[in-house]
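One structure is given below, encoded as structure tokens.
4 protein chains.
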Amino acid sequence: MPEHVSPRTLGVGMIGYNIGRVHSHAWLNMPLFYHPPPAKPILIGICGRDRERVKNFAEKFGYKRTFTDWVTLIKDPEVDVIDLCTPPNIHADVSVLACESGKHVICEKPLARTAKEAELMLRAAEKAHVKHMTAFNYRFIPAVCYAGKLIQDGFIGRILNFRGAYLNIEIGDLGYLNPDAPLDWHFKSELAGYGAVADLGAHIIDIARFLAGEISSVAAATAVFIKERPLPNAPEKKGAVEVEDAAVAAIKFQNGALGTIETSWMAPGRKDFLRFEVTGSEGSIRFNLERINELEIFSLKDSNATRGFRDVWTTSKAHPFMEKFWVEQGGGFGWDHSFVNEIYHFTDCVVNDKQIEPIGATFFDGYKNCLVMDALIASAKQERWLAVGA
Amino acid sequence: MPEHVSPRTLGVGMIGYNIGRVHSHAWLNMPLFYHPPPAKPILIGICGRDRERVKNFAEKFGYKRTFTDWVTLIKDPEVDVIDLCTPPNIHADVSVLACESGKHVICEKPLARTAKEAELMLRAAEKAHVKHMTAFNYRFIPAVCYAGKLIQDGFIGRILNFRGAYLNIEIGDLGYLNPDAPLDWHFKSELAGYGAVADLGAHIIDIARFLAGEISSVAAATAVFIKERPLPNAPEKKGAVEVEDAAVAAIKFQNGALGTIETSWMAPGRKDFLRFEVTGSEGSIRFNLERINELEIFSLKDSNATRGFRDVWTTSKAHPFMEKFWVEQGGGFGWDHSFVNEIYHFTDCVVNDKQIEPIGATFFDGYKNCLVMDALIASAKQERWLAVGA
Amino acid sequence: MPEHVSPRTLGVGMIGYNIGRVHSHAWLNMPLFYHPPPAKPILIGICGRDRERVKNFAEKFGYKRTFTDWVTLIKDPEVDVIDLCTPPNIHADVSVLACESGKHVICEKPLARTAKEAELMLRAAEKAHVKHMTAFNYRFIPAVCYAGKLIQDGFIGRILNFRGAYLNIEIGDLGYLNPDAPLDWHFKSELAGYGAVADLGAHIIDIARFLAGEISSVAAATAVFIKERPLPNAPEKKGAVEVEDAAVAAIKFQNGALGTIETSWMAPGRKDFLRFEVTGSEGSIRFNLERINELEIFSLKDSNATRGFRDVWTTSKAHPFMEKFWVEQGGGFGWDHSFVNEIYHFTDCVVNDKQIEPIGATFFDGYKNCLVMDALIASAKQERWLAVGA
Amino acid sequence: MPEHVSPRTLGVGMIGYNIGRVHSHAWLNMPLFYHPPPAKPILIGICGRDRERVKNFAEKFGYKRTFTDWVTLIKDPEVDVIDLCTPPNIHADVSVLACESGKHVICEKPLARTAKEAELMLRAAEKAHVKHMTAFNYRFIPAVCYAGKLIQDGFIGRILNFRGAYLNIEIGDLGYLNPDAPLDWHFKSELAGYGAVADLGAHIIDIARFLAGEISSVAAATAVFIKERPLPNAPEKKGAVEVEDAAVAAIKFQNGALGTIETSWMAPGRKDFLRFEVTGSEGSIRFNLERINELEIFSLKDSNATRGFRDVWTTSKAHPFMEKFWVEQGGGFGWDHSFVNEIYHFTDCVVNDKQIEPIGATFFDGYKNCLVMDALIASAKQERWLAVGA
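Quick mapping for you: the protein sequence lines, in order, are chains X, W, D and R. Counted the way the working numbering counts, the first sequence spans residues 1 to 390. Counted the way the working numbering counts, the second sequence spans residues 1001 to 1390. Counted the way the working numbering counts, the third sequence spans residues 2001 to 2390. Counted the way the working numbering counts, the fourth sequence spans residues 3001 to 3390.
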């Protein structure tokens, strides 16, 4: 741990200002939700390419300094942790330097464009003995975390099946279904790695691993439904979409369970549909992000006449994170609170040298996540079942 | 059409008394629900292997004669239609003879153990110019039929994805999750063809074809979760389960849509979960058999502020079958009514020489259904994507 | 019991052909659903005012004889039970004569236009020692019957609150919200007694009594939203609506519980919304007729982390009526099956001299039901709390 | 407006630290969610009776000064607005002095113990020409606010019925159903005014007025289910519960609509069940706080075959507050965000001299709210319908 880290403050260096907004908000709120916090975050610097946007961002959230060069930010001696919120293309470079500079790193998902890149990041982090976290924030929803605990405790017996989907229709009226939506970085493989699989699918793959164990092999198909889009800076011209709009996959787990994974950013009616159902020999558990406070659990141990899915409201003090949460959330917990819990956990692990896993995802999890994505995309191309990591 | 068929009566010969109960009930109820009926069904004969059970069955439902030999039943001159409700192993033999004898045939699903058998049945039926129907009764639920109409009418635009599952936990407290459940015919490939794929999966495959078009290729995995079971007649001994307990598949449609299909008869919490969601470029439609009267439809044409899945109650007079149905079903329609509608449609087609398709499934549909099942099982074995019918 | 009642047949005399269709259907289906039946119903006669409609009705359902005079039907020696399906205005006259003639009576709800009339019917039935039943068919839904059993068994502890509503929008596109819907008998107090309170409210009042005990007092308001309607036989003229379109009531139970009851036949979006929730000191139970197969139950005895409303599917063999029901209803039970169960219970009680209550409702229950309706309507007029039966 | 209010800062004086936690959190978050904010809130002082708790509270949220005497806080020249979060007993005294001192006031609900007290507050506020707001935060949920807009725009036609309930089981395992829960201020009429009616019912009454207009008369019943509780400081002794645990009411609106209102803090299974349904002649709207992001809307203008309740996700940019909200909430909005919106609106009105109403509730609304509560409680005692304000 860098010498100057006191138990009382933690210097944050943020890179990227899109999902970075949500992370910044979480850093500011964490000490209110968890009081006293493990450490008080100090927002040291924000780095982005556009000087004006960086400046506005800094003013809004209260960052002390602004940067357009991430090397300088990383080297800033007041920065203890790098919060990496850029598109995937620079994750590896930034992260490796940050680790080598002794900074802890929390990195947005997907960890990298490929497992190969992710592996570099994992090795650098392990070598540097810093804390490393892949920001799979949905693990920090009480319902999801509690699902993990129930499964761990044997509530559903032996796992037989995992069904997962993450579907939405992106921001705005028609989202990416609008053929006039411009060819932004999400559609470029060099920047994004993959398409819906990286943007949305990474989350549901992480939850599959979190709840049902390692995926051993996959058979997938992908589709590009809109093949060309207007160029952002020259809308009268069109460029080719390089990544998938949707993917489906049959999967097998190491433990013998089967499953399916689906993702699409062209799903009318689905606002933010991250859905899973884990079926076991003695019960089942299901969840939908659109109803974030509810976990549905079924047990064959209830009598035949009284059993049914129980719609459990997961924000009582008996549920994960809620013991220390600022207030019992009668009326419910929102999407952004998952980031607050995530930042709390990361801070707690950094300051008190606790393990990120198994509650949080490390770079190892991010790396395994990339292996699954790589296998999924390759399987679709090769039209066969592929072992993950093969 | 056999000469003695008057517009007023239709002689029914039933073979098999398990799902045969439900069909018999439907034959008796059809004239009450649809009055006047296209023809009054006369229950001529019931055929089964156990003389005592056949006799009881005949008494309960009012069959005039009993048979233990299906050839004799088929040859009975009063029999106009054969209703074939046995396990799949004798579907082909019975059906071919029935067709050759000039009898119309309605045959339970799956149409046969393999597409090869099904093809024989299809050819015999076409050659004999009789009406032939595969008893995919769920097409006759108003909500399902109406989903087909909406898609046909362009309500959801271009089809992008089909997600289907048919999951349950079979009859009784634990169903087939109970390791002491005996090794009945469902677990023997010679009798059943396939396992959960034939028992449940055939239905969801049919609905996939009905709503989203022909499936071009599949990539599947199957699992046997309980590998041995007690022999029915010697429970102290165990025999090998020969068929799958569950299957998952990624699928591609000829029209470019993707999809997934799942089936399991070991799904705690799922009573009779036949679920589908069809996603299109302009809307989505979803359905769950457990809420048989409701169809959920979403349209991007509704304004951004007022759009959401509409929970449509599909039993008004504006919905399929309900115009002629005996009574407007305020409180809702049950599972067995789907069979009544099915028998009505079959009778109407036989008596008035109408087409079974596209509302009902013919032997052609049953054959295509078998092709998909064959491909699915072969794909799981070969661990690769397989073209359907290849 | 009339002498000629054998254990094997029961002669049915039906009066009225509207809801009489549903009862006739149930008489015909009962022996199929419950085999062997307590007795085989023989449809002896149907009586109505319109000779042509009576004739068609008899043909459709197979009644042996037709009547336009109910006295003659009652006197028919083959008739063992009178099934009384007319509007309320002649319930008392018909029922009293039927009882005096030694016929068992099942009478549609509301039992009468007023409690005073109902009391005459109750006395006549008790004096004649015949079986008497008020046809509150919703008691015969497995979920509702099972709710009663759970409450009886103490599942929810001490009852604190009952909330009930029965709302719909009557048959057709706009139902009674259509100002052009004619002034039929439902709107005439001499024929119907009350309006929505009698048509729909009677059901929810019965369920309140069935589940939560006797209602001691009520405070109500009623409204007529459309005050005049076209005359049925002279649509160019309008007549006054004499009964309420909607009512709301606060209620108190003898056991100290509170409650509310609402009814309206002008509720857009509500197809057949009979909804109740019974709250107790240790749990709660809720039901919605629009999801007839589901009962939601909550117990404080489940642990704080795992408790939630359980969505119980109530058609397993462990639930009321389903033990003897013809087939386990995986895919669910429909509205008309409640009538089949009702007719089964009535037949069983008549033939085997069992008690109608507490599962079914007797004329005593029908009378108490009328007392609540009378108090409700009077309370609305007098603008004060009124004791029931005062 | 006090002279020193610049467009850039607003000095906040908080009194009370229970719901005061949630308000403080909202003051701190408002500038993050709405950037740039109408003014930057400066947390000047917190006042409470317990010096130690006040100090901790100040430290947690960053208040500059602490007070145990509210007069001194009010007089603090840096304080522009008083945020009044105490039990109702001192609302009138504090609020009148604050107004007379030229401070804007936001006061928690219920506005006062009685309408008489509330009237004093309203007159003081009007006389002082300060902004005054009753903190009915649920108006600031996008779904609720949007319901108001739809009704205003005629989406449901003429209002026929309003059904509202606010039910929960208070914090902890059994909440107030636990007979050992101590006799805190909620159970003392001098401190709380009323019981569940003031704590929960005030909210649903406010929503009734907000959506369906003025309530003209009520007929209610109340119940005390646990009559004695342990004294907080001497648990071996018990004291009498002075307020109701639950209430039910039938209501009439000035516009001719009917309705019901219920409230209870002893509702097993109900976490935070604020539920309403507004039925009109052309549609219906319903909402449940437990699913805060969803508004269900039904329109008779949709065709008979395609109409159903639409489950609208109300956090798109097309919905109230969301245009300026910090991020489009795909995954949803939580309970505490309603307070952020409320504080934003209050700040905007104070700083830019806008009207609190009709989006927010003024002291006039708080006063009318108290009139309804007074009538409700009096109606229960007098056992008759009572006009509101009579």
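C-beta: ideal position from N, C-alpha, C; glycine also.
Any idea what DSSP makes of residue i, helix, strand or coil?
i	result
W:Asn-1288	strand
X:Ala-257	coil
X:Ile-159	strand
W:Glu-1228	strand
W:Arg-1139	helix
W:Ala-1378	helix
R:Lys-3064	coil
X:Gly-239	strand
X:Ile-90	helix
R:His-3004	Caution applies to R:His-3004, whose pLDDT of 43 falls short of 50 and renders its modelled position unreliable; the value that the coordinates give is listed next. Three-state result, R:His-3004: coil.
X:Val-96	helix
R:Arg-3053	helix
R:Leu-3111	coil
X:Gly-154	coil
In terms of DSSP beta bridges, what is residue i paired with?
i	result
D:Val-2105	D:Ile-2082 and D:His-2132
W:Glu-1119	For W:Glu-1119, which the question treats as bridged, DSSP gives no partner whatsoever.
W:Glu-1383	In the DSSP output, where bridge partners are listed per residue, W:Glu-1383 has none listed.
X:Leu-43	X:Val-12
R:Asp-3311	W:Phe-1309 and R:Glu-3296
X:Val-248	X:Ala-221 and X:Glu-262
Within its chain, find whatever has a CB closer than 6 Å to the CB of residue i; leave out the 5 residues flanking it on each side and keep chain order.
i	result
R:Ala-3249	Val-3218, Ala-3220, Ile-3261 and Leu-3376
D:Gly-2239	Leu-2183 and Leu-2231
X:Arg-286	Glu-277 and Glu-296
R:Val-3005	Annotation note: pLDDT 41 at R:Val-3005 (below 50); position unreliable, coordinate value reported separately. Closer than 6 Å at Cβ, skipping near neighbours: Asp-3080.
W:Glu-1117	Ala-1092
W:Thr-1222	Glu-1244, Ala-1247 and Ala-1380
X:Gly-157	Gly-280, Ser-281 and Glu-282
By Cβ distance below 7 Å, which residues in the same chain neighbour residue i in space, the five residues on each side in sequence not counted?
i	result
W:Thr-1114	Gly-1193, Cys-1370 and Asp-1374
R:Ala-3361	Met-3133, Thr-3134, Phe-3136, Arg-3139 and Asp-3206
X:Glu-228	Lys-238, Gly-239, Ala-240 and Val-241
R:Leu-3200	Tyr-3166, Asn-3168, Thr-3263 and Trp-3265
Quick check on this structure: which residue in the options has the alpha carbon closest to the alpha carbon of residue i?
i	options	result
W:Met-1014	W:Ile-1207, W:Pro-1110, W:His-1035 and W:Asp-1069	W:Asp-1069
R:Asn-3018	X:Ala-378, X:Trp-326, X:Thr-347 and X:Asp-353	X:Trp-326
R:Asp-3365	R:Asn-3137, R:Lys-3301 and R:Ala-3380	R:Asn-3137
X:Leu-211	X:Lys-188, X:Pro-235, X:Gly-154 and X:Leu-177	X:Gly-154
R:His-3035	X:Gly-175, X:Ser-101, X:Val-12 and X:Glu-59	X:Glu-59
W:Pro-1037	W:Glu-1342, W:Tyr-1063 and W:Gln-1254	W:Glu-1342
D:Ile-2292	D:Phe-2187, D:Ala-2147 and D:Trp-2185	D:Ala-2147
R:Gln-3329	R:Thr-3315, R:Trp-3185, R:Glu-3190 and R:Thr-3072	R:Thr-3315
Is it true that the CB of residue j sits closer than 9 Å to the CB of residue i?
i	j	result
X:Lys-131	X:Phe-346	yes
X:Val-96	X:Leu-84	no
X:Ala-387	X:Ser-216	yes
Quick one: what's got a C-beta closer than 8 Å to residue i's C-beta in the same chain, skipping five residues either side?
i	result
R:Cys-3349	Lys-3131, Met-3133, Gln-3355, Ile-3356 and Gly-3360
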